[in-house]
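Colleague: This is the structure, below, for whatever I ask next.
Residue numbers (the UniProt record's numbering): 1 to 188.
Dropping the structure here:
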């Protein structure tokens with residue numbers, strides 16, 4: 001997101017960050033959504049994300065995931081942050097990467113199994129995994145909503161464990177995912 005911020009410099013004024021995607025220079029969710037939505041070109045493989053019947057926060061999350069910009073341990077390490085490697089969901093002592101977190105982690109695989117979402121495609125590219133899974137859900141709004149919400153729920157559970165020390169069982173997460181997916185379908 002740093003590429004979307006510009007800095008205004010002057011000798012007489014204290015430095016401050018300015019959001020260049022709206023007229024008053026301050027960040028808003030709607031201007032962020034508009035900036036990301038317009039940056040996804042029509043021929044971009046990620047363009048389908050902005051057409052999904054999902055709330056903007058989920059679309060933005062999927063865009064970051066598909067463009068390999070989600071701040072997993074791998075991405076944080078690339079930015080110079082030193083962390084103890086480890087998956088907080090399955091406790092494996094490995095560097096957390098998006099593919100493991102969302103498609104290989106035993107905790108996530110259990111959740112996906114309870115949701116009857118199973119994955120059969122193997123790729124090292126997150127974009128390929130998203131394209132494959134959303135292509136399989138094409139025409140099935142319920143499956144697409146479940147898939148997006150399962151990814152989102154996995155990310156929220158990961159963050160709750162890291163930042164709030166809250167742990168939920170796969171069955172509880174599955175119930176939350178199903179409820180949220182149905183709510184998205186109802187209102188989107």
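No residue lacks a Cβ here, since even glycine has one placed at the ideal position from N, Cα and C.
Everything numeric in this text was worked out from a predicted model, so none of it was measured.
Measure the Cβ-Cβ separation of residue 50 and residue 34 and say whether it is below 8 Å.
Modeller: The residue labelled residue 50 in the question sits at position 50 within the chain shown. The residue labelled residue 34 in the question sits at position 34 within the chain shown. Result no, Cβ atoms of residue 50 and residue 34 do not sit closer than 8 Å.
Colleague: By Cβ distance, which residues of its chain are closer than 8 Å to residue 85, with the 5 residues on each side in sequence left out?
Modeller: As a first step, residue 85 is located in the chain shown; it is residue number 85 there, counting from the start. Only 73, 93, 94, 95, 96 meet the Cβ criterion.
Colleague: With a threshold of 8 Å on Cβ separation, who are the neighbours of residue 27 within its own chain once the five nearest residues in sequence on each side are excluded?
Modeller: Locating residue 27 in the chain shown gives position 27, counting from the first residue. Closer than 8 Å at the Cβ level, and outside the excluded window around residue 27, lie 19.
Colleague: Between the C-alpha atoms of residue 185 and residue 91, what's the straight-line distance to the nearest angstrom?
Modeller: As a working mapping, residue 185 is identified with position 185 in the chain shown. As a working mapping, residue 91 is identified with position 91 in the chain shown. Approximately 33 Å between the Cα atoms of the pair.
Colleague: Pull up the CB-CB distance for residue 108 and residue 174, whole angstroms please, since I reckon it's below 8 Å.
Modeller: For the purposes of this step, residue 108 is taken as residue 108 along the chain shown, with counting starting at 1. For the purposes of this step, residue 174 is taken as residue 174 along the chain shown, with counting starting at 1. Rounded, the Cβ-Cβ distance is 11 Å, inconsistent with contact.
Colleague: Use the C-beta contact count for residue 148: other C-beta atoms within 10 angstroms, 16 or more gives buried, fewer gives exposed.
Modeller: Locating residue 148 in the chain shown gives position 148, where the first residue counts as 1. Looking at its Cβ environment, which holds 16 or more other Cβ atoms inside 10 Å, residue 148 is buried.
Colleague: What's the gap between the Cα of residue 14 and the Cα of residue 113?
Modeller: Within the chain shown, residue 14 is the residue found at index 14, counting from 1. Within the chain shown, residue 113 is the residue found at index 113, counting from 1. Going from the Cα of residue 14 to the Cα of residue 113 covers about 54 Å.
Colleague: Mind pulling the alpha helix (DSSP H) runs of 4 or more residues that sit fully within the UniProt domain "Reverse transcriptase zinc-binding" (27–112)?
Modeller: Listed in chain order, the complete alpha helix (DSSP H) runs (minimum 4 residues) inside the UniProt domain "Reverse transcriptase zinc-binding" (27–112) are 29–39, 56–66, 73–78.
Colleague: Candidates 78, 115, 89: which alpha carbon is nearest residue 104's?
Modeller: Here residue 104 is taken as the residue at index 104 of the chain shown, counted from 1. If we check each option's Cα against that of residue 104, 89 comes out closest.
Colleague: According to DSSP, is residue 167 helix, strand or coil?
Modeller: Against the chain shown, residue 167 aligns to sequence position 167. The answer is coil: DSSP assigns residue 167 none of H, G, I, E or B.
Colleague: If you follow the alpha helix (DSSP H) that residue 160 is in, where does it begin and where does it stop?
Modeller: Start at 1 with the first residue of the chain shown, and residue 160 comes out as number 160. It is not in any alpha helix (DSSP H) - residue 160 carries neither H nor E in the DSSP assignment.
Colleague: Please state the DSSP three-state secondary structure of residue 121.
Modeller: Position 121 of the chain shown, counted from the first residue, corresponds to residue 121. Here the model assigns residue 121 a pLDDT of 49, short of 50, so the residue's position is not dependable and the matter cannot be decided.
Colleague: In whole angstroms, what separates the C-alpha of residue 30 from that of residue 58?
Modeller: The residue you call residue 30 lines up with position 30 of the chain shown. The residue you call residue 58 lines up with position 58 of the chain shown. Approximately 13 Å, taken between the alpha carbons.
Colleague: For residue 180, collect the residues of the same chain with a Cβ closer than 6 Å to its Cβ; drop the 5 residues on either side in sequence, then sort them by chain order.
Modeller: Here residue 180 refers to the residue found at position 180 when the chain shown is read from its first residue. The answer, listed in chain order, is 149.
Colleague: Counting C-beta neighbours from all protein chains within 10 Å, is the total for residue 163 16 or more, i.e. buried, or is it exposed?
Modeller: As a working note, residue 163 is residue 163 in the chain shown. Exposed: under 16 other Cβ atoms inside 10 Å.
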